[in-house]
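Colleague: Counting along the sequence shown from 1, when you hit position 285 you're at 287 in this note's numbering, and nothing is skipped either side.
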Amino acid sequence: MALAGRILGGALNGNIGVIQTMVGELTTKPEWEPKAYAIMPFVWAIGTIIGPAVGGIFANPAASYPDAFSKQGLFGQFPWLLPNLICASLMLVSILNGYLYLRETHPDLAGARDSSVYQNLAEQTRMITAAGATADNAVDLRQESYGTFNEIDVQKNDQWQLNADGTSREPSISEKTSPKWLTKKVVMLTLALSIYTYHSMCYDHLLPIFYQDKTVDQVSIAASGLVDIPGGLGLATRDVGVIMSVNGVIALFIQAVIFPFTAERLGVWRVFVLVTILHPVAFFIVPYLALLPSHLLYPGIYTCLTIRNLLSILDYPVILILLKQASTSPAYLGRINGLAASAGAACRTVAPPVAGLLYEWGSSIGFTGLAWWFAGFVAIIGVFQLWFVPRERNESTVVKSIVPCLENSAAERVSDVVDVTVVCDEEYA
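Right, here's the structure in full:
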């Protein structure tokens, strides 16, 4: 039943590609699209705070709050119903909010509906003086801020085709044909996103299981080897909920401060390479939390969560930015996002049952780290896959932080690199 529910949830959750495409279509300038993608991981981090808190606080309310909920009542017979009802209510609010306030972005469907809405707003809405906007001259109203960035500037090679006398040359008929959208770079970056999605989903799936799995006393652990960890941490459901909420706070801080700071100074491509190489570490260290004494358990848990969030949160946005860069035309952005979302959904479908089976098998043979290490080996595959991701020369991306103290005003590009192709006519040859 749990697997069927998971499959149903995945089948109904085909909105990631749609959201990515709508974010790109809602921006009025193409160069704003990458920075708009920063909203998704930022909001996701907020959700990782609220979600575990709801689950940890409201799960099994008859046992946690016996004065308010009877064990013979509805929530006593179905201990997981209350947090699911809360989540369903939030989804209903999201549906109503999207239906009432989110405008259609499809070019063929947006015109008629939006024009009537804007006309009614113009007729019924009174003019309001923007005193706060005009009073503060230090605010640059021309800038747009999305998530944790003020700006992401994507620089690519420009190709100018000239005749030998210096005049511009019109492209030939073959050059005017539309470029293909499924390039090697798109395929390799989609594969990189799939690998990331798989091991990230394994981590999210295994973490609460490992936290709540029965613990083993220190004597038996001391007698075992480093590859023989038979149990988990034995934490209560409420403790796990608190830990996951703190995990969301850590993720929010990294998304808001660390990511733009790192991406601004290292560049998107270097960040992508760095976090991909270091990602396996996050999986190999988690099983050894069971070896820690009780007074070091929580510091060890939060250290592991910080390392994982640092790598994971840096990885996801830069892959989206690189995918946007790989698009040969803005018209192909929806196809690329759809392909990436479909590949990610396939990995999210496979990851939980595989991780669960490996964890069960590892528990039966006395090594719960088996599932963690397998996910780590998948992350290692992602490291080797880096060598197959094409990168154009002289391609760069500049990320500017939304936090003023992190803005590197000196890091301005002096000049852009332009590739010039000179084509000689026969009369000049």
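Beta carbons are placed, not taken as given, at the ideal position from N, Cα and C, and that holds for glycine.
Just so we're clear, the structure is a prediction, and the values are computed from it rather than from any experiment.
Taking the Cβ atom as the reference point for each residue, do G302 and G58 lie within a distance shorter than 8 angstroms?
Modeller: Here residue 302 refers to the residue found at position 300 when the sequence shown is read from its first residue. Here residue 58 refers to the residue found at position 56 when the sequence shown is read from its first residue. Their beta carbons are not under 8 angstroms apart, which means G302 does not touch G58 by this criterion.
Colleague: Run through DSSP, which three-state label would R393 get?
Modeller: On the sequence shown, position 391 is the one that residue 393 refers to. Here R393 sits in coil by DSSP.
Colleague: Checking 8 angstroms against the spacing of the C-beta atoms, do I231 and P295 come in under that value?
Modeller: For the purposes of this step, residue 231 is taken as residue 229 along the sequence shown, with counting starting at 1. For the purposes of this step, residue 295 is taken as residue 293 along the sequence shown, with counting starting at 1. No, the pair does not count as a contact, with Cβ atoms beyond the cut-off.
Colleague: Could you check what DSSP says for Y67 in three-state terms: helix, strand or coil?
Modeller: Here residue 67 is taken as the residue at index 65 of the sequence shown, counted from 1. It is coil, neither helix nor strand.
Colleague: Between which two residues does the alpha helix (DSSP H) harbouring N99 extend?
Modeller: Against the sequence shown, residue 99 aligns to sequence position 97. Note, N99: alpha helix (DSSP H), 83–103.
Colleague: So, H207 versus G358, is the Cβ gap smaller than 8 angstroms?
Modeller: Here residue 207 refers to the residue found at position 205 when the sequence shown is read from its first residue. Here residue 358 refers to the residue found at position 356 when the sequence shown is read from its first residue. A contact, by the Cβ cut-off of 8 angstroms.
Colleague: Apply the 10 Å Cβ neighbour rule to L184 and answer buried if 16 or more other Cβ atoms are within range, or exposed otherwise.
Modeller: Within the sequence shown, the letter at position 182 stands for residue 184. By the 10 Å Cβ count, L184 comes out exposed.
Colleague: Which two residues bound the contiguous alpha helix (DSSP H) that contains L299?
Modeller: The residue given as residue 299 occupies position 297 in the sequence shown. L299 -> alpha helix (DSSP H) spans 296–328.
Colleague: W363: which of L102, A347, L325, G233 sits nearest, CA to CA?
Modeller: The sequence position of residue 363 within the sequence shown is 361, counting from 1. Nearest C-alpha to W363: G233.
Colleague: Using C-beta distances below 8 angstroms, list every residue in its chain close to G7, excluding the 5 sequence neighbours before and after it, in chain order.
Modeller: Residue 7 sits at position 5 when you count from the first residue of the sequence shown. Cβ within range, chain order: n/a, list empty.
Colleague: Could you check what DSSP says for A373 in three-state terms: helix, strand or coil?
Modeller: One-based indexing of the sequence shown puts residue 373 at position 371. If DSSP states are grouped into helix, strand and coil, A373 belongs with the helices.
Colleague: Using the beta-carbon count (16 or more within 10 Å), is L322 buried or exposed?
Modeller: One-based indexing of the sequence shown puts residue 322 at position 320. Flag for L322 reads buried.
Colleague: Quick one: is A70 buried, meaning 16 or more other Cβ sit within 10 Å of its Cβ, or exposed?
Modeller: Along the sequence shown, one-based indexing puts residue 70 at 68. Result: exposed.
Colleague: Looking only at its chain, what residues have a beta carbon closer than 7 angstroms to the beta carbon of C1, apart from the 5 residues adjacent to it on each side?
Modeller: Outside the shown range of the chain, which is 3 to 431, sits residue 1, and nothing can be said about it.
Colleague: Tell me where the alpha helix (DSSP H) around G358 begins and ends.
Modeller: Your numbering for residue 358 matches position 356 in the sequence shown. Run containing G358: 335–366, per the alpha helix (DSSP H) assignment.
Colleague: For the alpha helix (DSSP H) holding M246, just list the boundary residues, first then last.
Modeller: For the purposes of this step, residue 246 is taken as the residue at position 244 of the sequence shown. For M246, the enclosing alpha helix (DSSP H) stretches over residues 239–255.
Colleague: Is W183 helix, strand or coil when you go by DSSP?
Modeller: For the purposes of this step, residue 183 is taken as residue 181 along the sequence shown, with counting starting at 1. The answer is coil: DSSP assigns W183 none of H, G, I, E or B.
Colleague: Given a threshold of 16 other Cβ atoms within 10 Å of its Cβ, counted over all protein chains shown, does M246 qualify as buried or as exposed?
Modeller: The residue you call residue 246 lines up with position 244 of the sequence shown. The residue is buried, with at least 16 neighbouring Cβ atoms inside 10 Å.
Colleague: Is DSSP giving Q79 helix, strand or coil here?
Modeller: Here the question's residue 79 lines up with position 77 in the sequence shown. The answer is helix: DSSP assigns Q79 an H, G or I state.
Colleague: When you compare the CB of L359 with every CB in chain B, is at least one pair closer than 8 angstroms?
Modeller: No chain B appears in the structure shown, which is made up of a single protein chain.
Colleague: Within a Cβ cutoff of 8 angstroms, which residues of the same chain sit near T217, ignoring the five residues on either side of it in sequence?
Modeller: As a working note, residue 217 is residue 215 in the sequence shown. Same-chain partners within the cutoff: G233, G234, L235, G236, A292.
Colleague: Would you be able to state if there are at least three C-beta pairs under 8 angstroms between the stretch 384–392 and the stretch 269–283?
Modeller: Result yes; three or more Cβ-Cβ pairs closer than 8 angstroms.
Colleague: Label V320 either buried or exposed according to how many other C-beta atoms from any shown protein chain fall within 10 Å of its C-beta, with 16 as the threshold for buried.
Modeller: On the sequence shown, residue 320 is found 318 positions in, with the first residue counted as 1. Per the 10 Å Cβ criterion, buried.
Colleague: By Cβ distance, which residues of its chain are closer than 6 angstroms to L316, with the 5 residues on each side in sequence left out?
Modeller: Taking the sequence shown and counting its residues from 1, one reaches residue 316 at position 314. Once the five neighbours on either side are set aside, the close Cβ partners of L316 are F261, V273, V277.
Colleague: Consult DSSP for D215 and reduce its assignment to one of helix, strand or coil.
Modeller: The residue you call residue 215 lines up with position 213 of the sequence shown. Three-state result, D215: coil.
Colleague: Do P85 and V56 have their C-beta atoms within less than 8 angstroms of each other?
Modeller: Residue mapping note: residue 85 aligns to position 83 of the sequence shown, counting from 1. Residue mapping note: residue 56 aligns to position 54 of the sequence shown, counting from 1. Going by C-beta atoms, P85 is nearer than 8 angstroms to V56.
Colleague: So is L87 buried or exposed if we call it buried at 16+ other beta carbons inside 10 Å?
Modeller: Here the question's residue 87 lines up with position 85 in the sequence shown. L87 is exposed by the Cβ-count criterion.
Colleague: Our contact map puts I51 next to G250 with C-beta atoms below 8 angstroms; I'd like the distance itself, whole angstroms only.
Modeller: Walking along the sequence shown from the start, residue 51 turns up at place 49. Walking along the sequence shown from the start, residue 250 turns up at place 248. The pair is a contact, with the Cβ atoms about 3 angstroms apart (cut-off 8 angstroms).
Colleague: Within the continuous alpha helix (DSSP H) that includes L291, where are the two ends?
Modeller: Position 289 of the sequence shown holds residue 291. Per DSSP, L291 lies in no alpha helix (DSSP H) and is assigned neither H nor E.
Colleague: If we count the other Cβ atoms within 10 Å of its Cβ and call it buried at 16 or more, is P210 buried or exposed?
Modeller: Position 208 of the sequence shown, counting from 1, holds the residue named residue 210. The residue is buried, with at least 16 neighbouring Cβ atoms inside 10 Å.
Colleague: Give the secondary structure of L28 by DSSP, where H, G and I count as helix, E and B as strand, and everything else as coil.
Modeller: Mapped onto the sequence shown, residue 28 falls at position 26. Reduced to three states, the DSSP call for L28 is helix.
Colleague: Hey, would you say G336 sits closer than 8 angstroms to A194, going by beta carbons?
Modeller: Working through the sequence shown from its first residue, we reach residue 336 at position 334. Working through the sequence shown from its first residue, we reach residue 194 at position 192. In this structure, A194 does not lie closer than 8 angstroms to G336 by Cβ.
Colleague: Would you report the Cα separation of E266 and V259, rounded to the nearest angstrom?
Modeller: On the sequence shown, position 264 is the one that residue 266 refers to. On the sequence shown, position 257 is the one that residue 259 refers to. For E266 and V259, the distance between alpha carbons rounds to 11 angstroms.
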